[in-house]
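**Student:** Just dropping this structure here.
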Amino acid sequence: ILGSALGMDKISMKQIALAHKIPIPRFIAFSRWRWERDPGGIRETLERQFSLPVFVKPSNAGSSVGITKLKDLDRLDEAVADAARYDYRLMIEEAIDARELEIGVLGNEEPEASVVGEIVPIGEFYDYRGKYVDEGSRQLVPADVPAEVSERARGWAVEIFLALDLAGMARADFLLERGTGKLYFNEVNTIPGFTPISMYPMLWDASGIGYRELITRLVELALERHRATRVEVDRPRV
Numbered sequence: 095i096l097g098s099a100l101g102m103d104k105i106s107m108k109q110i111a112l113a114h115k116i117p118i119p120r121f122i123a124f125s126r127w128r129w130e131r132d133p134g135g136i137r138e139t140l141e142r143q144f145s146l147p148v149f150v151k152p153s154n155a156g157s158s159v160g161i162t163k164l165k166d167l168d169r170l171d172e173a174v175a176d177a178a179r180y181d182y183r184l185m186i187e188e189a190i191d192a193r194e195l196e197i198g199v200l201g202n203e204e205p206e207a208s209v210v211g212e213i214v215p216i217g218e219f220y221d222y223r224g225k226y227v228d229e230g231s232r233q234l235v236p237a238d239v240p241a242e243v244s245e246r247a248r249g250w251a252v253e254i255f256l257a258l259d260l261a262g263m264a265r266a267d268f269l270l271e272r273g274t275g276k277l278y279f280n281e282v283n284t285i286p287g288f289t290p291i292s293m294y295p296m297l298w299d300a301s302g303i304g305y306r307e308l309i310t311r312l313v314e315l316a317l318e319r320h321r322a323t324r325v326e327v328d329r330p331r332v
């Protein structure tokens, strides 16, 4: 329950990553209540701390719903209003010119990381249309990245999996900044897509675990987790 909640909430997820010294893109968080009462203060903070473009996001959402890549401050009100349709907590995050990397994680107490994959979106970022509507986005498995980047990302994927108290499976997404080679944690997906052409099973297939074996492993991990968390309660005698 905790891992599912933290995995859905971008603000809390990123705060935990920071506590573990895993680099993330810079962001500011605020509530819809604060925006309604002090939009000028938030705009001033944005102008002082960031250069455009930035991403405006709801904290709780998936599939890039409610996210705007903001290039013009004149559209800030519109971007915040769209994000606020989906959550009370909102965030503004720096937009990094980066490659989008993804890693599958499998396990409970001793999770393993898959090979690194890469999403090449058809648009400026991997938005809802790029995921589900428009064709053209590509999945590269394995990704062509230096071994050092791969090992660091895989290590961080396992670390954040444990820090968020996840179980069974998750997909950890990273940003590899063009030009600098800096690696940033972006987010986790605690229930990633699982069709045969989804990234998660593709990553594990490239790591030596086929689709049927992966499903079997997940069932075994679920039973293992249930045994570990089950609390025996003494029933009163009749």
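Position in the sequence shown (first residue = 1) + 94 = the working numbering.
The beta-carbon is built from N, C-alpha and C at its ideal position, and this holds for glycine as well.
Every value quoted in this text rests on a predicted model; they were computed, and no experiment measured them.
Exposed or buried, which one is glutamate 212 when buried takes at least 16 other CB atoms within 10 Å?
**Tutor:** Here residue 212 refers to the residue found at position 118 of the sequence shown. With 16 or more other Cβ atoms inside 10 Å of its own Cβ, glutamate 212 counts as buried.
**Student:** Suppose you measure from the CA of asparagine 154 to the CA of arginine 183; what does that come to, to the nearest Å?
**Tutor:** As a working note, residue 154 is residue 60 in the sequence shown. As a working note, residue 183 is residue 89 in the sequence shown. Answer to the nearest angstrom: the Cα atoms are 8 Å apart.
**Student:** Could you check whether the segment 199-215 touches the segment 283-291, counting it as contact only if at least three pairs of C-beta atoms, one from each stretch, sit closer than 8 Å?
**Tutor:** Contact between the segment 199-215 and the segment 283-291 is not established, with fewer than three Cβ pairs separated by less than 8 Å.
**Student:** Would you kindly work out how many angstroms separate the C-alpha atoms of alanine 266 and serine 145, rounded to a whole number?
**Tutor:** Here the question's residue 266 lines up with position 172 in the sequence shown. Here the question's residue 145 lines up with position 51 in the sequence shown. Distance between the alpha carbons of alanine 266 and serine 145 is about 27 Å.
**Student:** Determine whether the beta carbon atoms of glutamine 109 and isoleucine 122 lie at a separation below 8 Å.
**Tutor:** One-based indexing of the sequence shown puts residue 109 at position 15. One-based indexing of the sequence shown puts residue 122 at position 28. Cβ atoms of glutamine 109 and isoleucine 122: not closer than 8 Å.
**Student:** Use the C-beta contact count for glutamate 187: other C-beta atoms within 10 angstroms, 16 or more gives buried, fewer gives exposed.
**Tutor:** Working through the sequence shown from its first residue, we reach residue 187 at position 93. Around the beta-carbon of glutamate 187, 16 or more other beta-carbon atoms lie within 10 Å, marking it buried.
**Student:** According to DSSP, which residues form a beta bridge with aspartate 103?
**Tutor:** Residue 103 sits at position 9 when you count from the first residue of the sequence shown. Asn154, per the DSSP bridge assignment.
**Student:** State buried or exposed for isoleucine 303, treating a residue as buried only when at least 16 other CB atoms are found within 10 Å of its CB.
**Tutor:** Stepping through the sequence shown from its first residue, residue 303 is reached at position 209. Burial call: buried.
**Student:** Given serine 125, which residues of its chain have a CB within under 8 Å of its CB, disregarding the five upstream and five downstream residues?
**Tutor:** As a position in the sequence shown, residue 125 is number 31, starting the count at 1. Same-chain partners within the cutoff: Tyr182, Arg183, Leu184.
**Student:** DSSP on lysine 115, reduced to helix/strand/coil?
**Tutor:** Working through the sequence shown from its first residue, we reach residue 115 at position 21. Reduced to three states, the DSSP call for lysine 115 is coil.
**Student:** CB-CB under 8 Å to aspartate 191, same chain, minus the five flanking residues each way: which ones, in chain order?
**Tutor:** The residue given as residue 191 occupies position 97 in the sequence shown. Closer than 8 Å at the Cβ level, and outside the excluded window around aspartate 191, lie Glu271, Arg272, Gly273.
**Student:** Taking only three categories from DSSP, how would you classify proline 309?
**Tutor:** Counting from one through the sequence shown, the residue named residue 309 turns up at place 215. Reading the sequence as shown, one finds isoleucine at residue 309 and not proline. In the structure shown, isoleucine 309 sits in a helix (DSSP, three-state: H, G or I).
**Student:** Classify alanine 53 as helix, strand or coil using the three-state DSSP reduction.
**Tutor:** No answer is possible for residue 53: it lies beyond the span of the chain, which begins at 95 and ends at 332.
**Student:** Leaving aside the five residues before and after serine 244 along the sequence, list all residues of the same chain whose C-beta is less than 6 Å from its C-beta, in chain order.
**Tutor:** Counted from its first residue, the sequence shown places residue 244 at position 150. Taken in chain order, the residues that qualify are Val210.
**Student:** Suppose you measure from the CA of glutamate 130 to the CA of valine 150; what does that come to, to the nearest Å?
**Tutor:** Sequence index remark: in the sequence shown, residue 130 carries index 36 (1-based). Sequence index remark: in the sequence shown, residue 150 carries index 56 (1-based). The straight-line gap from Cα to Cα measures roughly 16 Å.
**Student:** Quick test of your reading: aspartate 259 and leucine 96, contact by CB under 8 Å. State the CB separation rounded to the nearest angstrom.
**Tutor:** On the sequence shown, residue 259 is found 165 positions in, with the first residue counted as 1. On the sequence shown, residue 96 is found 2 positions in, with the first residue counted as 1. Yes, they are in contact, since the Cβ atoms of aspartate 259 and leucine 96 sit about 5 Å apart, within 8 Å.
**Student:** Looking only at its chain, what residues have a beta carbon closer than 7 Å to the beta carbon of alanine 313, apart from the 5 residues adjacent to it on each side?
**Tutor:** Here residue 313 refers to the residue found at position 219 when the sequence shown is read from its first residue. It should be pointed out that residue 313 corresponds to valine in this sequence rather than to alanine. Once the five neighbours on either side are set aside, valine 313 has no close Cβ partner at all.
**Student:** Could you tell me the alpha carbon to alpha carbon distance between arginine 120 and alanine 322, rounded to whole angstroms?
**Tutor:** To locate residue 120, count along the sequence shown from 1; it is residue 26. To locate residue 322, count along the sequence shown from 1; it is residue 228. Each residue's Cα considered, the two are about 37 Å apart.
**Student:** Nearest CA to the CA of isoleucine 116: which residue from Pro295, Thr284, Arg246?
**Tutor:** Position 22 of the sequence shown holds residue 116. Cα-wise, what sits closest to isoleucine 116 is Arg246.
**Student:** Quick one: give me the first and last residue of the beta strand (DSSP E) that tyrosine 278 is part of.
**Tutor:** Within the sequence shown, the letter at position 184 stands for residue 278. Run containing tyrosine 278: 277-283, per the beta strand (DSSP E) assignment.
**Student:** Identify the continuous alpha helix (DSSP H) that holds threonine 139 and give its terminal residues.
**Tutor:** On the sequence shown, position 45 is the one that residue 139 refers to. Note, threonine 139: alpha helix (DSSP H), 133-143.
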